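Just so you know, the sequence shown maps onto residues -25 to -1, 1 to 482 in mature numbering (1 follows the signal peptide of the UniProt record, and there is no 0). Have a look at the structure below, then the notes.
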Amino acid sequence: MRITRRGLIAATAAMPLLPGGAARAQGGTLRFGLSSFPPSLQPWANTGTAAATVKLLIHRGLLSYAPDGKLRGELAESWRNESPTSWVFTLRDNALFHNGEKVTAADIKWNIEQIAGERSTAYYRAEMQNVAGIETPDARTVRILTKTPIATLPNWMASYHMMMVSPRSPTGSGVLPVGAGPFMIRAQERGTSIDLVAFDRYYKPGRPKLAGLRLVAYADENLRVSAIRAGDVDLIEYVPWQSMAAIEADERLRLDATNGPFMYLNFNATRPHLGDARVRRAIAHAIKRDDIVKVAFFGRGSALEGLPIAPGSDFHDEALSKGHAYDPDRAKALLREAGLPNGFSTSLLSTAQYGMHKDTAEVVQQHLAAVGIQAELRLPDWATRVNLGNRGQFDIAVMGTATDNNDADGLNSLIDGSLSPSYVRSAGLRIPKLEELMRAGRAEFDTAKRRTIYLEAQRVALQEVPLVGLAWRSQGYAMKKELTGFKAMPGALNFFSGITLEDAAMG
């Protein structure tokens, strides 16, 4: 589903006039400075944080996460594990799509089938291949039967890549799918802004508190900071790290930042030399992460020398977390072992739109050169970078993201080469043993046994290198002090923070 201006107008015209009007009288309109204009608002695609924020405003899935990071119901008011291969979700009686139609079990079944379909390009398509069947014994009950035990299926259903849309959405090229979230899109200026109004039949009484939002794209991070400091917007995402101290010092503003997102490298294993795990390990040992933290994040972060499993997680291991520590001599030895004593030439895809991406790429380029790997920088705008990644048109790529959730199973989207192509994972790279372990981890309901499985997965990943971790980063939102209700969510859920805008109000 690709949104165009014509499609947006058509979809808006198809929506009924709702009792009381679509916009609430209270709350006013919040002005939100996005870091980019969403490359796409396809509800099931992964096209970056700005797009995720918009999707979290206009759509809802079966579940989501509360501000404290715990699972909570959305379209489903409750859920239970009926057996190792059966999960039952009970829908709310008052959940409506924006066209006024009730959300039914048949609608949920249709959505999951579309995501899993043979021609689907959905980000969660591979996960949905694990669904053996969907039963709808009545309009409010959805029973999802899985081919194997899946302990983490509720986390899947809480992802913003698993939004539920009306099967009766207007059809045609570029037409906007009808969601069930707290806001509706009323207008957009392509590349510049999106205007939302509150849906006054949203299933949570008194939500949203705002009458609407105006989302304005500030691709230049300095202009984004200037906008919040000048009062042109009320909230911005992706506060540049060099500006965090100034935001903290401004008595009119508040910074809400948390660790969780991270930077890493992924690979196109079909390109010369990059299909060799020894070369990927050489790259992992060639990079001094502390330099990235200092240069790109002004010290607001920490080195990431293994898989992105945060300290404090049940699956974190201190020794394994340093398995790719900086060791240029080891990097050179691995290159010699791979038959590349003089190194090789390649390219490094990043973007100039985000300073952190560009700065990270430049540090990586310098360290690779020191061991004989000459990497030419490619720095397109963000939308182009996403498209190149999705098409696998890169050698090595700098990436910044968070795992899908705070469970170790959330790593799957980054390291499972069997999944649909995506700019967040390596291309053309399959590691059967790692995929087997990750499947075993998600099938195990016992926490201690899961820990053993994921420790072994980390050992395999350190040898096979599906990605190269670079740095944990502090991710910040800046806002006017009178803004209440909005919260930067913890850890890997930071990119879900847009969901808290249903609680936001300007004091």
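Glycine included, C-beta positions come from ideal geometry on N, C-alpha and C. Keep in mind that this is a model prediction, so the values were computed, not measured.
Check: Can you tell me the Cα-Cα spacing of A(-1) and N69, whole angstroms?
Finding: Because the pLDDT at A(-1) is just 39, under 50, the model does not fix this residue reliably, and the value given afterwards should be weighed accordingly. Looking at the two C-alpha atoms, the distance is approximately 22 Å.
Checklist line | Three-way DSSP call (helix, strand, coil) for T116 in this model | finding: strand
Notebook entry, point to check: Are the beta-carbon atoms belonging to P18 and M103 less than 9 Å from one another?
Noted result: For P18 and M103, no; Cβs fall outside 9 Å.
Check: What does DSSP give as the partner residues of K77 in its beta bridges?
Finding: L71
Margin query: Taking 7 Å as the limit between beta carbons, can you name the residues of its chain near T46, skipping five residues before and five after?
Written below: According to the sequence provided, residue 46 is Leu. The question's Thr does not apply to it. Only L38, Y40, P129 and A133 meet the Cβ criterion.
Check: In or out: R6 buried (at least 16 other Cβ within 10 Å) or exposed?
Finding: Result: buried.
Item checked: P145 - DSSP class collapsed to helix/strand/coil -> coil
Check: How is the beta strand (DSSP E) around F237 delimited, first residue to last?
Finding: Run containing F237: L228 to F242, per the beta strand (DSSP E) assignment.
Next item on the list: For Q163, count neighbouring C-beta atoms within 10 Å of its own C-beta (all shown protein chains included) and say buried if the count is 16 or more, exposed if not.
Entry: buried
Notebook entry, point to check: Is DSSP giving G(-5) helix, strand or coil here?
Noted result: Residue confidence is low: G(-5) scores 38 on pLDDT, short of 50, so the model does not pin down where it sits. Its coordinate-derived value is still stated next. G(-5): coil per DSSP, three-state reduction.
Notebook entry, point to check: Measuring CB to CB, does G385 end up less than 9 Å from A327?
Noted result: no
Item checked: Runs of beta strand (DSSP E) lying entirely within the segment 137 to 218, each at least 3 residues, in chain order -> 158 to 164, 168 to 173 and 187 to 192
Check: Any idea what DSSP makes of M454, helix, strand or coil?
Finding: strand
Checklist line | Per-residue DSSP class, three states only, for G385 | finding: helix
Check: For G92, does the three-state DSSP call read helix, strand or coil?
Finding: coil
Next item on the list: Compute the distance between the beta-carbons of S10 and Y213, then report whether it is under 9 Å.
Entry: yes
Next item on the list: Output the distance between the C-alpha atoms of I474 and G154, rounded to the nearest integer angstrom.
Entry: 14 Å
Notebook entry, point to check: Which partner residues does Y40 have in the DSSP bridge list?
Noted result: According to DSSP, Y40 bridges with L46.
Check: Taking the alpha carbon of R353 as the point to measure from, which residue in G364, R67, L210 and I267 has its own alpha carbon closest?
Finding: G364
Notebook entry, point to check: Which residues does DSSP pair with W54 in a beta bridge?
Noted result: F64
Check: Excluding five sequence neighbours on each side, which residues of the same chain lie with their C-beta closer than 6 Å to the C-beta of R229?
Finding: The answer, listed in chain order, is M454 and K456.
Next item on the list: Could you tell me which residues DSSP puts in a beta bridge with Q349?
Entry: According to DSSP, Q349 bridges with S320.
Notebook entry, point to check: Is it buried or exposed for N469, if we count other Cβ within 10 angstroms and need 16 for buried?
Noted result: buried
Margin query: With H, G and I counted as helix, E and B as strand and the rest as coil, what does DSSP make of A(-12)?
Written below: Residue placement at A(-12) is poorly supported in this model, since its pLDDT is 42, which falls under 50; the coordinates still yield a value, given next. Of the three classes helix, strand and coil, the one that applies to A(-12) here is helix, per DSSP.
Check: Along the chain, where does the alpha helix (DSSP H) that runs through A479 open and close?
Finding: Where A479 is concerned, there is no enclosing alpha helix (DSSP H), given that its DSSP letter is neither H nor E.
Next item on the list: Express the C-alpha separation of F290 and R425 in angstroms, rounding to a whole number.
Entry: 8 Å
Next item on the list: Alpha carbon to alpha carbon, how far is W447 from V440? Give it in angstroms, no decimals.
Entry: Computed Cα separation, rounded: 18 Å.
Item checked: Reference E88; option with closest CA among A107, T335 and N74 -> Nearest option by C-alpha distance: A107.
Check: Who are A443's beta bridge partners in DSSP?
Finding: The amino acid occupying residue 443 in the given sequence is Val; Ala does not appear at that position. DSSP lists L240 as partners of V443.
Check: What is the rounded straight-line gap between the Cα of S449 and the Cα of G482?
Finding: 27 Å
Next item on the list: Below 6 Å CB to CB, which residues in the same chain sit around A27 once its five sequence neighbours on both sides are set aside?
Entry: Cβ neighbours of A27 within its own chain (closer than 6 Å, five residues either side excluded): Y135 and F470.
Notebook entry, point to check: How close, in whole Å, do the beta carbons of L240 and A372 come, if the pair is a contact with beta carbons under 8 Å?
Noted result: 7 Å
Next item on the list: Answer yes if the segment 315 to 323 comes into contact with the segment 408 to 428, meaning at least three C-beta pairs across the two stretches below 8 Å, and no otherwise.
Entry: no
Checklist line | Alpha carbon of A81 to alpha carbon of D113, nearest angstrom | finding: 9 Å
Item checked: Touching by the beta-carbon criterion (3+ pairs, under 8 Å), the segment 243 to 263 and the segment 296 to 311 -> Yes, the segment 243 to 263 touches the segment 296 to 311.
Checklist line | DSSP beta-bridge partners of F7 | finding: Paired residue(s): L190 and L210.
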